[in-house]
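Here's the structure we're looking at; comments come further down.
Protein chains: 2
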Amino acid sequence: TMEALGIEVGMAILNGQKSFTEHPYISGMFKGMEVDMVPCFAVSSAEKIKSSVDRTPYHARYILNNTDPAMRDEMRLMKKFMKGIGTYGAEPHVRGFSGYLCEIITLYYGGFLNALKAVAEWKEGVKLNFGNGEGNFSRVAMIFYDPVDGRRNVASAVHVDTLSRFITAARRYMESPDRRFFFPNKREPFDEKGIRARLDIRGSTLISVSFRRPNVLDDILHSQIWKTESAIEKRLHYYGFDPLRSVHSVTEREVIFVFELATNQLSETYVHEGPVPWVNNADNFLKVWENNPYGAPFILEGRWRVVRKRPFRDAGNMILKEATQLGVGKDMNPNSIIIRDHDETIEHVDKAILTEMLDPRYPWEN
Amino acid sequence: TMEALGIEVGMAILNGQKSFTEHPYISGMFKGMEVDMVPCFAVSSAEKIKSSVDRTPYHARYILNNTDPAMRDEMRLMKKFMKGIGTYGAEPHVRGFSGYLCEIITLYYGGFLNALKAVAEWKEGVKLNFGNGEGNFSRVAMIFYDPVDGRRNVASAVHVDTLSRFITAARRYMESPDRRFFFPNKREPFDEKGIRARLDIRGSTLISVSFRRPNVLDDILHSQIWKTESAIEKRLHYYGFDPLRSVHSVTEREVIFVFELATNQLSETYVHEGPVPWVNNADNFLKVWENNPYGAPFILEGRWRVVRKRPFRDAGNMILKEATQLGVGKDMNPNSIIIRDHDETIEHVDKAILTEMLDPRYPWEN
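Top to bottom, those sequences are chains S and X.
Those letters in the first sequence? Residues 9 to 374, by this note's numbering.
Those letters in the second sequence? Residues 9 to 374, by this note's numbering.
Written out as structure tokens, the structure is:
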């Protein structure tokens with residue numbers, strides 16, 4: 009098969025390591041450079057691909073046929089900029105701009121600086137088209153129709169927050185260009201004292217939720233991390249804990265989510281919304297709350313309501329109790345959850361992500 | 009003029025007191041009964057009225073022409089039921105069913121019990137039509153086309169909560185009829201100890217906002233009361249105070265609104281939402297929050313946000329500071345506001361409304 013053949017050739021040349029995405033490929037060193045050797049089908053046109061990697065030769069050919077060496081330097085500049093501001097890469101970890109996307113953005117605007125000038129005026133939903141593009145895509149932050157396959161959106165992996173960062177960086181760069189956009193300084197994290205001082209003035213409470221790190225590919229891990237973070241955050245909101253911020257970090261053994269709660273001391277009671285009064289379910293609702301110690305149900309704005317005790321007043325307790333219904337990523341094991349309270353979180357979690365949480369900075373601002 | 013003539017005749021017969029709604033009229037006693045004598049124009053059809061009272065003779069004639077004495081007794085039963093459950097009257101104080109509306113509902117279903125059986129199946133938006141009705145009405149809880157003027161909604165004053173109460177009462181009555189629906193017992197209010205005990209288990213905090221009672225007609229007063237209550241409640245929500253319940257009471261000198269807050273201890277900070285990153289206003293936002301002691305702005309879900317100090321952590325203070333921008337009824341004087349805290353409210357406010365707030369009961373349940 010093509011797979012076996014690809015692996016054999018790859019191993020023969022690179023003597024490297026087998027990896028998987030859609031299909032197996034070989035990673036190794038060649039003339040001192042890190043190289044991935046990815047087998048693909050030679051198809052007669054980019055619209056007839058069998059695997060998404062089959063499109064790659066068409067992309068490479070398109071760029072080579074439409075650029076001169078100077079333009080290719082402009083593209084390299086764009087990629088370095090993207091790396092510097094943290095938007096380079098279509099993988100779930102970054103949710104950003106693939107190398108090919110960087111190339112065609114540069115090409116589209118005729119160079120790096122022209123592109124940045126244009127990007128500074130972009131907004132969500134921006135749509136770029138070399139003329140062959142067609143159709144629409146729902147729930148995407150932007151569209152760039154692939155010049156080699158007009159029905160494909162090259163920018164489908166770009167998250168609105170990554171797009172926002174790119175636009176913001178472009179605006180800042182056009183105001184005052186700076187080498188830090190390309191070569192950002194590493195940020196010095198706050199020490200424990202600095203972190204505690206900032207938490208004190210915010211009056212907030214940290215809680216962290218860690219899962220045993222599942223043994224899956226990085227891309228799969230990171231899409232599950234986003235899903236899990238948003239699921240837990242939604243649940244916190246649902247139960248009245250107002251998360252101010254959330255961040256995550258991955259260690260060799262753990263995936264850790266840190267939530268900063270405006271307060272972890274919720275009120276004793278809240279108003280629970282029931283059915284409208286003209287459904288049969290209303291009778292049921294009234295029966296359930298008949299002897300409610302917090303008072304009888306009442307109608308307000310055409311709906312039964314009742315004052316009830318909060319089911320959870322402690323966020324950590326809530327997460328443990330609801331662990332299996334949170335809707336976390338499918339390889340995240342709810343039984344592996346460890347909750348760490350405010351102090352434990354400060355001591356245990358990477359200071360760099362706490363620093364980022366308490367005082368967010370873009371790479372070019374350091 | 010008709011006005012002067014009407015007043016003269018009224019005074020001659022009733023020797024009563026002049027009152028106003030759309031036009032002046034005379035209230036007094038006649039053969040031992042309270043009587044309002046209201047002058048109106050004799051118009052050639054109900055569609056050609058000059059003042060809304062000109063329709064009244066048409067309503068009276070319609071009922072007389074379409075009922076026998078037995079049906080008129082059914083209508084009296086309906087009105088007594090409506091009075092008993094607290095839904096009788098189209099005035100803003102009640103937001104309920106006018107006498108004429110009670111009559112045509114009874115007529116429509118052919119009697120009191122048939123009507124109640126039907127009402128038990130009503131829902132919001134119910135539309136009744138003797139055949140002459142036309143057109144639609146937005147933002148009304150129900151429609152009953154006036155049999156003497158098909159473009160008019162007799163039920164326009166019915167609030168969804170009054171409709172809900174009527175439907176609920178009908179459902180309960182059909183389950184188990186009881187004389188208390190017609191002759192409700194007066195509720196014994198909780199004493200101060202009982203009120204405090206219930207507040208303690210709810211863990212809530214009372215605050216009351218009183219205005220000097222404006223010298224305006226009752227109907228105007230009560231529409232302004234609803235407007236004011238909802239305006240203050242909205243503002244409380246906006247600033248993060250979660251009102252569990254609100255009630256109001258009118259004394260000779262004051263209009264008092266009582267709000268029960270789930271908590272009056274808000275968190276120090278919250279997340280303030282800013283503009284999307286691709287508008288010029290975004291630069292302004294970043295400048296404003298440049299040196300925010302609670303940390304720099306950040307982008308989440310395509311929007312700038314920043315952790316900031318709550319402008320108000322005490323509800324009473326907020327209401328005083330925002331008094332002129334609350335959007336209260338136009339005759340409610342913001343400068344007359346008196347804020348009473350938890351204990352002052354318990355001592356000062358009518359125990360009956362606090363009882364109703366802490367343990368709502370319908371009249372037929374007492």
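Virtual Cβ for every residue (Gly too), placed ideally from N, Cα, C.
Sequence-distant Cβ neighbours of Ser35 of chain S in its own chain, meaning closer than 6 Å and more than five residues away, are Gly24, Gln25, Ser27 and Asp44. Contact between the segment 307-319 of chain X and the segment 162-176 of chain X is not established, with fewer than three Cβ pairs separated by less than 8 Å. Neighbours of Val168 of chain S in chain X, taken as residues whose beta carbon is under 8 Å from its own, are Glu309 and Gly310 in chain order.
In this structure, Gly211 of chain S lies away from Leu366 of chain X, with their beta-carbon atoms at least 7 Å apart.
Proximity of Trp286 of chain S to chain X, defined by a Cβ-Cβ separation below 7 Å, is satisfied. Exposed is the label assigned to Val17 of chain S, since fewer than 16 other Cβ atoms lie within 10 Å of its Cβ. Of all residues in the segment 102-119 of chain S, none places a beta-carbon less than 9 Å from a beta-carbon of chain X. Within the model, the alpha-carbon separation for Ile57 of chain X versus Asn161 of chain X is close to 15 Å. Listed along chain X, the residues sitting closer than 7 Å to Asp367 of chain S by beta-carbon distance are Gly303 and Ala304. Beyond the five residues adjoining it in sequence on each side, Ile345 of chain S comes within less than 8 Å, by CB distance, of Val217, Ser218, Phe219, Ile327, Leu328 and Ala331 in the same chain, given in chain order.
Below the 9 Å Cβ cutoff, chain X contributes Asp250, Pro251, Leu252, Arg253 and Ala270 as neighbours of Val279 of chain S, in chain order. Here the C-alpha atom of Gln232 of chain X lies approximately 31 Å from the C-alpha atom of Gly202 of chain X.
If you draw a 10 Å sphere on the C-beta of Ala20 of chain X, you find fewer than 16 other C-beta atoms in it, and that means exposed. Contact annotation, Ile175 of chain X with Trp286 of chain S: C-beta distance approximately 5 Å; criterion of less than 8 Å satisfied. For Trp312 of chain X, DSSP records a beta bridge to X:Ile307. At least one C-beta of chain S is nearer than 7 Å to the C-beta of Gly211 of chain X.
Here Met41 of chain S is exposed, its C-beta having fewer than 16 other C-beta atoms within 10 Å. Distance from the Cα of Arg221 of chain S is smallest, within the candidate group S:Lys88, S:Tyr246 and S:Glu262, for S:Glu262.
At a cut-off of 7 Å between beta-carbon atoms, Ile175 of chain X makes contact with chain S. Taking 7 Å as the threshold, the shortest C-beta distance from Lys135 of chain S to chain X does not fall below it. In summary, the residues of the segment 314-338 of chain S whose CB is separated from some CB of chain X by less than 8 Å are Val315, in the order they occur in the chain. Of all residues in the segment 229-240 of chain S, none places a beta-carbon less than 8 Å from a beta-carbon of chain X.
Glu276 of chain X reaches chain S at Arg210 and Gly211, counting residues in chain order whose Cβ is nearer than 7 Å.
Rounded to whole angstroms, the separation of the alpha carbons of Thr114 of chain X and Ile15 of chain X is 34 Å. Between the alpha carbons of Asn343 of chain S and Asp226 of chain S lies a gap of roughly 21 Å.
By a beta-carbon distance limit of 8 Å, Ser257 of chain S does not contact Glu237 of chain S. Their separation comes to about 11 Å.
Among the CB atoms of chain X, none fall inside 7 Å of the CB of Ser257 of chain S. Contacts with chain S at 7 Å (Cβ-Cβ) do not include Ser164 of chain X. At a cut-off of 7 Å between C-beta atoms, Ser172 of chain X counts as an interface residue with respect to chain S.
Rounded to whole angstroms, the separation of the alpha carbons of Leu72 of chain X and Asn193 of chain X is 33 Å. Our two residues, Thr277 of chain X and Gly310 of chain S, have alpha carbons roughly 33 Å apart in a direct line. With its beta carbon less than 7 Å from one in chain X, Lys131 of chain S belongs to the interface. Of the candidates X:Ala360, X:Tyr370 and X:Phe49, the residue whose Cα lies closest to the Cα of Phe198 of chain X is X:Ala360. Taken in chain order, the complete alpha helix (DSSP H) segments of 4 or more residues contained in the segment 185-263 of chain S are 200-210 and 226-246.
Leu214 of chain S is a Cβ neighbour of Glu268 of chain S, given a cutoff of 7 Å. Looking only at S:Ser106, S:Gly337 and S:Lys235, the smallest Cα-Cα distance to His67 of chain S is reached by S:Ser106.
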